Structure formats: structure tokens, C-alpha cells
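In this text, residue positions in the sequence shown follow this note's numbering: the first is 520, and each later residue adds one.
We put the beta carbon where it would ideally sit given N, CA and C, even for glycine.
The model shown is predicted, which means the values in this text are computed figures rather than measured ones.
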Amino acid sequence: MNPTDIQEDDAGAGEPEEGNARMSQASPQRGMRTGTKLTLLVVSLMVIATGWVMWQQLKGSPTRQAGVDLPPYGVVTVQLTTDPFPPLPTGAVQMTLRLQAPGGRMVPLDRVSYTYGPADGEDIFQGEAQPVAMETFQGPLRFTSVGDWWVKVRLEYQGGSGEVQFTVPVKPAL
């Protein structure tokens, strides 16, 4: 091989071909496009807003639920609803109690009584719920002020009794 042949080959190797010239040019690295960032932001805000709305609906749900152990029936679920919901501090409010025992068993109750009062006061009211359907009882409530009220329900049956307490938010009339 001739030394001039080597120099010619080296000289030609350093020059980029036309097709490789475009690839070898440094292209500036850019982050996400503005449209992509905006889309991700909007989707994230929609997910957060949906979660917040669902939380508010669950928090303001008209059904309050609690369990009470009534041997030999097990833990009985007691659901409390009011009509209207949310209850108002004017007029009578209809309270409905629905019972559900494990396995759909019936709980023969002798008496369903309740006491209630404002969370921050000493006034205590009482009443007795009447059966209106199987495992369903109703009784009137009268709230005298806006705010959280407690309602304690006492379930009496031949083998004993049990109590469960609920918090009911009373809202002003609009």
C-alpha cells in the first residue's frame, strides 16, 4: 500500500455523506410539548375534582350506619335516615331505622327507644320508634338548633339490649 493512498482514504473518511450529515447534526433536546403538559394538568385536576366530589357525597350521605352486638344474633347493622335530609331545625323530622342481622336473620325486638340532643348542649329529648315494616322502625325528631346532634338508639329484645349512637348534622333552612 502506498502512503498517499492511506492519506486519501483518511481524508475521505472524515467527510460525512449527505445522508449522515442530517443525523450527525445535534438536535436540541426539548421537554414535553406545552400541549402535552396542559393535557396532563387538566386530566390531573379532573381526577382530583372527581375524588373530592365523591368524598363530599359520601360525607353528606343521608344514611348513617352503625353496628351493635346483640347476642345470639351477632352484630346487627342499624341504618338511620331522616326525611327531610339534611334535617331542618323547624318542624318534625321523620327518622327511619332499618335493621339487618348477619345472614338475613330476623331480630325480634320488644322495644326500640331513642334519646337525642345537641352535641354542645344539655337538652335531651326522647321518643319511641314504632314498627312500620319488617326490621324497619320510625319515630319523630324535633331539632331546635343548627349543628351536630347525637341520636342514641336502644334496641331491647328478650335476651337483652344494645345501644348504638349516630351523629346527625342539622342544617339551616334555605
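Query raised in the report: Measuring CA to CA, which of M625, L559, G610 is closest to P591?
Result: Looking up residue 591 in the sequence shown gives position 72. Per the Cα distances, M625.
Requested in this report: Please name the residue, chosen from F662, V670, M565, that lies closest to V689 on a Cα-to-Cα basis.
Outcome: As a first step, residue 689 must be located in the sequence shown, where it is residue number 170. For V689, the nearest C-alpha among the options comes from F662.
Report task. Return the Cβ separation of Q598 and R617 in integer angstroms, given the expectation that the two are a contact with Cβ distance under 8 Å. Result -> Counting from 1 along the sequence shown, the entry for residue 598 is found at position 79. Counting from 1 along the sequence shown, the entry for residue 617 is found at position 98. The C-beta separation of Q598 from R617 comes to about 4 Å, placing the pair in contact by the 8 Å criterion.
Requested in this report: Go through its chain and collect everything with a Cβ distance to A540's Cβ below 6 Å, but skip five positions before and after it.
Outcome: Against the sequence shown, residue 540 aligns to sequence position 21. With a pLDDT of 49 at A540, under the threshold of 50, the modelled position of this residue cannot be trusted, and the question is left open.
Query raised in the report: Does the beta-carbon of V572 have 16 or more other beta-carbons within 10 angstroms, so that it is buried, or is it exposed?
Result: Here residue 572 refers to the residue found at position 53 when the sequence shown is read from its first residue. The residue in question, V572, is exposed, as its Cβ has fewer than 16 Cβ neighbours within 10 Å.
**Report entry** Three-way DSSP call (helix, strand, coil) for V572 in this model
**Finding:** Reading the sequence shown from its first residue, position 53 is the one you call residue 572. Annotated three-state conformation of V572 is helix, per DSSP.
Query - Whole-angstrom distance between V562 and T615, CA atom to CA atom - result: Walking along the sequence shown from the start, residue 615 turns up at place 96. Walking along the sequence shown from the start, residue 562 turns up at place 43. Each residue's Cα considered, the two are about 41 Å apart.
**Report entry** Validate contact between the stretch 635-652 and the stretch 663-673 using beta carbons, cut 8 Å, 3 pairs
**Finding:** Three or more Cβ pairs closer than 8 Å define a contact, and the stretch 635-652 meets that threshold against the stretch 663-673.
Query raised in the report: Going by alpha carbons, who is nearest to G679 out of D588, T601, G666?
Result: Counting from one through the sequence shown, the residue named residue 679 turns up at place 160. The option with the nearest alpha carbon to G679 is D588.
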